[in-house]
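Report on the structure given below.
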Amino acid sequence: MEQQKVDMFLMTSGKFFEGYQLGAIKEKLTKLDDAKLLQLQSVNLKDPIIMLIVSLLGGHFGIDRFVLGEVGLGVAKLLTCGGFGIWTIVDWFLIMGRTREMNMQNIQQAMY
Amino acid sequence: MTNQPAFPYTPNEYEAEKASNSYLMSVVVIMFGLPLPIVNLIASVIFYSANRKAPYFVRWHCTQTLVAQVVTFFANAAGVYWTIAVVFGGGEVTNNYIAYIITILLFNLFEFAATIYAAVRTRKGKHVSWWFFGPLTDILVKA
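Which chain is which? The protein sequence lines are A and B, in order.
All letters in the first sequence, in the order written, are residues 32 to 143 by the working numbering.
All letters in the second sequence, in the order written, are residues 109 to 251 by the working numbering.
Put into structure tokens, the structure is as follows:
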């Protein structure tokens, strides 16, 4: 893939990943075929800040976990009212990192 | 009560943020679950479980929080049990009881202050090792 396209992709999507992951993504994208770009752009990446807001507002019902695609954990959180409130608070501090990890997993699936 | 020994490597921004979050989470949970000591311990266990595969710096600080919470839990649980016995069981307010309550109150205050200090320092990538809990964490966490 052209360097310009890679840089453009990283500029627009960089905030969805951890800083240390960007180097690996850049390296992989450079070796990737141009035809894959459309596929990469169609990957549903979640914004960590939006996920934090979702967690703050709907964490008691497990909505944050549902949105991330972790249905099992979402149901568990829903049935326990956010782990009796404890899990909800812990998730406020975990959800941003987890969102970036899920984004990385999704982009890796699209790249291979 | 705290010191800042050298860490084997310099943690990056992402590690510093996650390590700091373990202390910050502990402070927030204290505010929400103050009457029940077990709430803090459960929260620390969940946070540690979520970060058990994280880099060494993050694991180290999560473990230090957890170890401190375990000790605090037993101290506070004994205080809560004794207080319930005094209030509902017709127990007597003895000098020993008052001394114990003052001791755990001071212990909790020191722990709270140390937690906030550690949250601030680790966010800047500095390694903070608490008295007693730090060396214990060194033994428990392998690089």
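Virtual Cβ for every residue (Gly too), placed ideally from N, Cα, C.
From a predicted model like this one, the values you see are computed outputs, not experimental measurements.
> Is any beta-carbon of chain A found at less than 8 Å from that of B:LEU196?
Replying inline: Translated into the one-based positions of the second sequence, residue 196 of chain B becomes position 88. The question names Leu, but residue 196 of chain B is Phe in the sequence shown. Not a single CB atom of chain A sits nearer than 8 Å to the CB of B:PHE196.
> Any idea what DSSP makes of B:SER237, helix, strand or coil?
Replying inline: Here residue 237 of chain B corresponds to residue number 129 of the second sequence, with the count starting at 1. Three-state DSSP puts B:SER237 in a strand.
> Starting from A:MET32 and walking both ways along the alpha helix (DSSP H), at which residues does that stretch end?
Replying inline: As a working note, residue 32 of chain A is residue 1 in the first sequence. DSSP places A:MET32 in no alpha helix (DSSP H); its state is neither H nor E.
> Going along the chain, which residues of its own chain have a beta-carbon closer than 8 Å to the beta-carbon of B:VAL175, five neighbours each way excluded?
Replying inline: As a working note, residue 175 of chain B is residue 67 in the second sequence. Excluding sequence positions up to five before and after B:VAL175, its CB lies within less than 8 Å of the CB of PHE241, LEU244, THR245, LEU248, all in the same chain and listed in chain order.
> From the DSSP output, which residues share a beta bridge with A:THR119?
Replying inline: Indexing the first sequence from 1 puts residue 119 of chain A at position 88. DSSP lists no partner for A:THR119.
> By how many angstroms is the C-alpha of A:LYS62 removed from the C-alpha of B:ASN184?
Replying inline: In the second sequence, the residue the question calls residue 184 of chain B occupies position 76. In the first sequence, the residue the question calls residue 62 of chain A occupies position 31. In this model, B:ASN184 and A:LYS62 are separated by some 57 Å (Cα to Cα).
> Once you ignore the five residues that flank A:GLY45 on each side, which residues in its own chain have a CB closer than 7 Å to its CB?
Replying inline: One-based indexing of the first sequence puts residue 45 of chain A at position 14. Cβ-Cβ distances below 7 Å link A:GLY45 to LEU53 in the same chain, with the five nearest sequence neighbours on each side left out; the list follows chain order.
> Say the cut is 7 Å; is the CB of B:THR173 nearer than that to a heavy atom of the ligand SAM?
Replying inline: What this structure holds is no ligand at all, so the ligand SAM is not there to describe.
>> According to DSSP, simplified to helix, strand and coil, what is B:THR118?
In response: As a first step, residue 118 of chain B must be located in the second sequence, where it is residue number 10. Of the three classes helix, strand and coil, the one that applies to B:THR118 here is coil, per DSSP.
>> Can you tell me which residues form a DSSP beta bridge with B:ASN111?
In response: For the purposes of this step, residue 111 of chain B is identified with residue 3 of the second sequence, where counting begins at 1. DSSP lists B:SER237 as partners of B:ASN111.
> In terms of alpha-carbon separation, which member of B:ILE154, B:ASN204, B:TYR117 lies closest to B:GLN177?
Replying inline: The residue you call residue 177 of chain B lines up with position 69 of the second sequence. It is B:ILE154 whose Cα lies nearest to the Cα of B:GLN177.
>> Counting only beta-carbon separations shorter than 8 Å, does A:GLY128 have a partner in chain B?
In response: Residue mapping note: residue 128 of chain A aligns to position 97 of the first sequence, counting from 1. Output row for A:GLY128: interface = yes.
> How would you call B:ALA251, buried or exposed, if buried means at least 16 neighbouring beta carbons within 10 angstroms?
Replying inline: By 1-based counting over the second sequence, the position of residue 251 of chain B is 143. With fewer than 16 other Cβ atoms within 10 Å, it is exposed.
>> With a threshold of 8 Å between beta-carbons, can A:TYR51 be considered close to chain B, or not?
In response: Residue mapping note: residue 51 of chain A aligns to position 20 of the first sequence, counting from 1. It does: the Cβ of A:TYR51 has a partner Cβ on chain B nearer than 8 Å.
> Mapping DSSP to helix, strand and coil, what is A:LYS57?
Replying inline: Here residue 57 of chain A corresponds to residue number 26 of the first sequence, with the count starting at 1. Helix at A:LYS57.
>> Along the region 149-182 of chain B, where does the CB come closer than 7 Å to a CB of chain A? Name the residues.
In response: Taking 7 Å as the Cβ-Cβ cut-off against chain A, the residues of the region 149-182 of chain B that qualify are ILE150, ALA151, ILE154, PHE155, ALA158.
> What does a CB cutoff of less than 7 Å around B:LYS234 pick up in its chain, not counting 5 residues either side in sequence?
Replying inline: Indexing the second sequence from 1 puts residue 234 of chain B at position 126. Counting only Cβ-Cβ distances below 7 Å, and skipping sequence neighbours, we find GLN112.
>> With three or more beta-carbon pairs closer than 8 Å as the criterion, would you say the region 76-86 of chain A touches the region 112-127 of chain B?
In response: With the rule of 3 Cβ pairs closer than 8 Å, the region 76-86 of chain A does not count as touching the region 112-127 of chain B.
>> Cβ closer than 8 Å: which chain B residues qualify as neighbours of A:PHE97?
In response: Here residue 97 of chain A corresponds to residue number 66 of the first sequence, with the count starting at 1. Here the premise fails: no neighbours, minimum Cβ distance about 18 Å.
> What's the gap between the Cα of B:TRP168 and the Cα of B:PHE115?
Replying inline: As a first step, residue 168 of chain B is located in the second sequence; it is residue number 60 there, counting from the start. As a first step, residue 115 of chain B is located in the second sequence; it is residue number 7 there, counting from the start. Computed Cα separation, rounded: 10 Å.
> Quick one: does B:ASN129 have its CB under 8 Å from some CB of chain A?
Replying inline: To locate residue 129 of chain B, count along the second sequence from 1; it is residue 21. The Cβ of B:ASN129 sits closer than 8 Å to at least one Cβ of chain A.
>> Can you give me the C-alpha to C-alpha distance between B:LYS161 and B:ILE212, rounded to a whole angstrom?
In response: Numbered from its first residue, the second sequence carries residue 161 of chain B at position 53. Numbered from its first residue, the second sequence carries residue 212 of chain B at position 104. Within the model, the alpha-carbon separation for B:LYS161 versus B:ILE212 is close to 33 Å.
> For B:SER128, which of helix, strand or coil comes out of DSSP?
Replying inline: As a first step, residue 128 of chain B must be located in the second sequence, where it is residue number 20. Helix.
> In whole angstroms, what is the alpha-carbon distance linking A:ILE84 and B:LEU214?
Replying inline: Position 53 of the first sequence holds residue 84 of chain A. Position 106 of the second sequence holds residue 214 of chain B. Here the alpha carbon of A:ILE84 sits roughly 36 Å from the alpha carbon of B:LEU214.
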